[in-house]
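Colleague: Have a look at this one before I ask anything.
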Amino acid sequence: MAGHSKWANIQHRKGRQDEKRGKVWTRVIREIMVAARQGGGDLNANPRLRLAVDKAKAANMPADTVKRNIDKATGNLEGVNYEEIRYEGYGIGGAAIIVDTMTDNKVRTVAEVRHAFSKCGGNMGTEGSVAFQFRHVGQIILAPGTSEDRVMEVALEAGAEDVVTDQDGAIEVIAGPSEFEQVRNALDAAGLKPEVAEITMRPENTIPLSGDEATRMQKLLDMLEDLDDVQDVFHNAEISE
């Protein structure tokens, strides 16, 4: 299957994460705390917490920092309680946007998210207004040059739903959220190291944006991602460089 070009977008996002390492740590800590509070502090029994700890390791977070925040979330240490809230809206050219937040003050958070949408020419919508345009899936992306045949063999055998080759040569593996971990582990065991491995909201269709529209959309996405309470921003825009 031929997929849409997303390699440039991935590289852009990784570059921004590298620039904002402290922000990445903050987001991972919140994810660890929410995952541990909801599912307990046992990594073996809590897949969401395992994924959050993997993100912490990838961001070079010290193990004692990880443990301390798990302890806070499970009641062994005093900590802040974060609430998960999702906002939806439209960006430039009718592109759909989902904003996942974790906050201890939802009045502040909704005001900041609404301000970003309005300032950059977008519109905040109601719950469910754009979510139907996305699928909740496990997404694993391997760099251009990886053997497509080998990825397909390993991934499908491990329970993946689909393997999509991007026009840039990147390979995207799609799996159900419950199969994600076993597919990722199978690829790792086969020596196929992903650039991205996450549970995400994947758009069913994309909207191509170029020129001024692409610039304005990227400004909106960057402004949303820079908000302290924002964990993830998902969208269906295909932004040309």
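Going by the numbering used here, the letters in the sequence shown line up with residues 555 to 795, in that order. Heads up, the beta-carbon is just placed ideally off N, CA and C, and yes, glycines get one too.
Tell me whether R662 is buried or exposed, calling it buried when 16 or more other Cβ atoms sit within 10 Å of its Cβ.
Modeller: The residue given as residue 662 occupies position 108 in the sequence shown. The residue in question, R662, is exposed, as its Cβ has fewer than 16 Cβ neighbours within 10 Å.
Colleague: Please name the residue, chosen from R640, G595 and P731, that lies closest to R622 on a Cα-to-Cα basis.
Modeller: The residue labelled residue 622 in the question sits at position 68 within the sequence shown. When each option's Cα is compared against that of R622, the closest is G595.
Colleague: Quick one: Cα of D716 to Cα of G692, how far?
Modeller: Your numbering for residue 716 matches position 162 in the sequence shown. Your numbering for residue 692 matches position 138 in the sequence shown. In a straight line, the C-alpha of D716 is about 11 Å away from that of G692.
Colleague: Between the beta-carbon of I694 and the beta-carbon of V750, is there less than 8 Å?
Modeller: Your numbering for residue 694 matches position 140 in the sequence shown. Your numbering for residue 750 matches position 196 in the sequence shown. For I694 and V750, yes; Cβs fall inside 8 Å.
Colleague: Please report the straight-line C-alpha distance between T700 and G629, rounded to a whole angstrom.
Modeller: Numbered from 1 along the sequence shown, position 146 holds the residue referred to as residue 700. Numbered from 1 along the sequence shown, position 75 holds the residue referred to as residue 629. Near 44 Å, if we compare the C-alpha coordinates of G629 and T700.
Colleague: Do you know how far the Cα of M771 is from the Cα of T762?
Modeller: Looking up residue 762 in the sequence shown gives position 208. Looking up residue 771 in the sequence shown gives position 217. Here residue 762 is Pro; the residue named in the question, Thr, does not match the sequence. The alpha-carbon atoms of P762 and M771 are separated by roughly 11 Å.
Colleague: Starting from the C-beta of Q687, find all residues in its chain whose C-beta is less than 8 Å away, skip the five residues before and the five after it, and write them out in chain order.
Modeller: Residue numbering aside, residue 687 sits at position 133 when the sequence shown is read from its first letter. Taken in chain order, the residues that qualify are A650, P757, E758, N759 and N790.
Colleague: With DSSP as the reference, label Q693 as helix, strand or coil.
Modeller: Residue 693 sits at position 139 when you count from the first residue of the sequence shown. If DSSP states are grouped into helix, strand and coil, Q693 belongs with the strands.
Colleague: Which one of I583, G593, L597 and E666 has the shortest CA to CA distance from T780?
Modeller: Along the sequence shown, one-based indexing puts residue 780 at 226. Before going further, note that residue 780 is Asp rather than Thr in the sequence given. Per the Cα distances, E666.
Colleague: Under 7 Å Cβ to Cβ from I583, same chain only, skipping five residues before and after it: list those, please.
Modeller: In the sequence shown, counting from the first residue as 1, residue 583 sits at position 29. Excluding residues within five positions, the ones whose Cβ falls inside 7 Å are N623.
Colleague: Run through the region 719–748 for me and flag every whole beta strand (DSSP E) of 3 or more residues, listed as ranges in chain order.
Modeller: Counting only runs of 3 or more, we get 725–729.
Colleague: Go ahead and pull the three-state DSSP assignment for P601.
Modeller: One-based indexing of the sequence shown puts residue 601 at position 47. Here P601 sits in helix by DSSP.
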